[in-house]
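Colleague: So in the UniProt record's numbering, spot 115 of the sequence shown is number 115, and the numbers just go up one at a time.
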Amino acid sequence: MLSELSLELKSWQYRRRILEIIKTAGAGHTAGSLSCVDILNVLYNCVLNVSPANINDPNRDRYLQSKGHSVEALFVVLAEQGFYDNNELETLCRYQSHFVGHPTRKIPGIEQNTGALGHGLPIAVGMAKAAQLDGANYRVFTLLGDGELAEGSNWEAAMLAAHYRLDSLTAIVDYNTLQITGRTSEVCDNSPIDEKFTAFGWNVKVMDGHAFGEMRETLAEAPVLGKPTAVIAKTLKGKGVSFMEDAVKWHHGVPNDDEYAKALAEIDSAITSLEVVV
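(1) Give me, in chain order, the residues of the same chain whose beta-carbon lies closer than 7 Å to that of D167; leave out the 5 immediate sequence neighbours on both sides.
(2) Is G120 closer than 9 Å to T142 when the C-beta atoms are compared?
(3) Expressed to the nearest angstrom, what Euclidean distance is found between the alpha-carbon atoms of residue 299 and K67?
(4) CB-CB under 6 Å to residue 281, same chain, minus the five flanking residues each way: which ones, in chain order?
(5) Between which two residues does the beta strand (DSSP E) containing G145 stretch?
(6) Confirm, please, whether the CB-CB distance from N154 to P122 is below 9 Å.
(7) Three-state secondary structure (DSSP) at A73?
(8) Compute the Euclidean distance between the alpha carbons of N41 and A211, then round it to the nearest angstrom.
(9) Under DSSP, the beta strand (DSSP E) around K227 begins and ends at which residues?
(10) May I ask you to report which of helix, strand or coil DSSP gives D167?
(11) Using 8 Å as the cut-off, can you tell me whether the stretch 55-67 makes contact with the stretch 99-114, which would need three or more C-beta pairs spanning the two stretches below that distance?
(12) Is the CB-CB distance between M244 and L34 below 9 Å?
(13) So is M1 buried or exposed if we call it buried at 16+ other beta carbons inside 10 Å?
(14) Where do the N-terminal and C-terminal ends of the beta strand (DSSP E) with D208 fall, by residue?
(15) Measure the C-alpha to C-alpha separation of D189 and T177 and round it to an integer number of angstroms.
(16) Flag this pair as touching only if the stretch 253-270 and the stretch 16-24 have three or more C-beta atom pairs under 8 Å; answer yes or no.
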């Protein structure tokens with residue numbers, strides 16, 4: 001099992017790669033990827049039973065990234081896991097590349113196309129229902145943005161998941177409180193999210209989306225029998241780069257040369273300090 005320090009080091013390395021591919025492509029959802037990458041780190045390194053070796057095994061766990069616009073984080077984590085060559089990410093957003101701005105099934109390790117907001121949870125509910133009908137034991141995880149919860153399809157899916165008692169399903173909300181045009185509370189206030197999921201009949205947990213030990217314990221916990229689980233992960237948009245943190249302009253901002261150098265310097269400093277102790 002990876003130590004918390006080893007997980008933290010991986011996340012800094014992921015963050016560096018996210019910035020590299022976004023800078024090369026000249027496009028990307030920077031802050032959202034930095035927000036959710038710690039969650040993906042824990043899922044793929046500590047929780048999910050899925051790897052390149054069992055990618056076609058019907059009993060593998062499923063992961064759907066509903067907040068598909070933060071796909072750069074998923075691309076980087078899947079590459080590190082060995083689903084494809086890391087160098088393929090250099091083609092991000094280029095002509096005829098499969099690495100586009102949203103998840104697509106053309107990429108090994110990606111279960112379904114997502115990115116149109118509000119579609120990931122309904123698909124995940126269908127997968128969990130299929131597992132229930134088949135008597136299968138795999139788990140289904142999906143990552144939602146907090147702003148994305150303004151889409152009504154999420155709440156139809158939440159209602160059905162509870163109705164069908166889909167306890168293999170876990171929905172994680174990347175709760176960074178920002179969306180493309182401002183604070184979620186100002187654009188379309190959907191709080192209190194935990195109480196809404198509870199009212200829909202879900203088992204609800206709240207965790208720090210950057211605390212590796214807490215995330216590992218929360219996400220690996222056995223499901224509550226007969227209830228889907230919602231995990232509200234409190235995160236910081238742009239986490240890890242001082243001038244990108246909690247700033248709406250970096251929702252899909254691409255750093256200029258000076259900003260890029262400053263961001264990498266901050267990340268490299270963190271990597272160096274951790275490499276000494278890991």
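Heads up, the beta-carbon is just placed ideally off N, CA and C, and yes, glycines get one too.
Modeller: Quick look at the numbers:
(1) Against the sequence shown, residue 167 aligns to sequence position 167. Setting aside the 5 residues that flank it on each side, D167 is surrounded in the same chain by P223, V224, L225, G226, K227 and P228, each with a C-beta closer than 7 Å to its C-beta; the list follows chain order.
(2) What you label residue 142 is simply residue 142 of the sequence shown in a count that begins at 1. What you label residue 120 is simply residue 120 of the sequence shown in a count that begins at 1. Against a cut-off of 9 Å, the Cβ pair of G120 and T142 comes out as a contact.
(3) Beyond the ends of the chain as shown, which are 1 and 278, falls residue 299; an answer cannot be given.
(4) There is no way to answer for residue 281, as the model of the chain reaches only from 1 to 278.
(5) Numbered from 1 along the sequence shown, position 145 holds the residue referred to as residue 145. Taken as a continuous stretch (DSSP letters only), the beta strand (DSSP E) holding G145 covers V140 to G145.
(6) Taking the sequence shown and counting its residues from 1, one reaches residue 122 at position 122. Taking the sequence shown and counting its residues from 1, one reaches residue 154 at position 154. The Cβ-Cβ distance between P122 and N154 falls below 9 Å.
(7) Reading the sequence shown from its first residue, position 73 is the one you call residue 73. Reduced to three states, the DSSP call for A73 is helix.
(8) The residue labelled residue 41 in the question sits at position 41 within the sequence shown. The residue labelled residue 211 in the question sits at position 211 within the sequence shown. Taking the straight line from one Cα to the other gives about 11 Å.
(9) Taking the sequence shown and counting its residues from 1, one reaches residue 227 at position 227. Here K227 belongs to no beta strand (DSSP E), and DSSP marks it neither H nor E.
(10) The sequence position of residue 167 within the sequence shown is 167, counting from 1. In the three-state reduction of the DSSP assignment, D167 falls in the coil class.
(11) Contact between the stretch 55-67 and the stretch 99-114 is present, because at least three Cβ pairs lie under 8 Å.
(12) The residue labelled residue 244 in the question sits at position 244 within the sequence shown. The residue labelled residue 34 in the question sits at position 34 within the sequence shown. Their beta carbons are under 9 Å apart, which means M244 touches L34 by this criterion.
(13) By one-based count along the sequence shown, residue 1 stands at place 1. A residue is called buried when at least 16 other Cβ atoms come within 10 angstroms of its Cβ; M1 does not meet this threshold and is exposed.
(14) On the sequence shown, residue 208 is found 208 positions in, with the first residue counted as 1. In the DSSP assignment, D208 falls within the beta strand (DSSP E) that extends over N203 to D208.
(15) As a first step, residue 189 must be located in the sequence shown, where it is residue number 189. As a first step, residue 177 must be located in the sequence shown, where it is residue number 177. So the two alpha carbons sit approximately 10 Å from each other.
(16) In this structure the stretch 253-270 touches the stretch 16-24; the number of beta carbon pairs closer than 8 Å is three or more.
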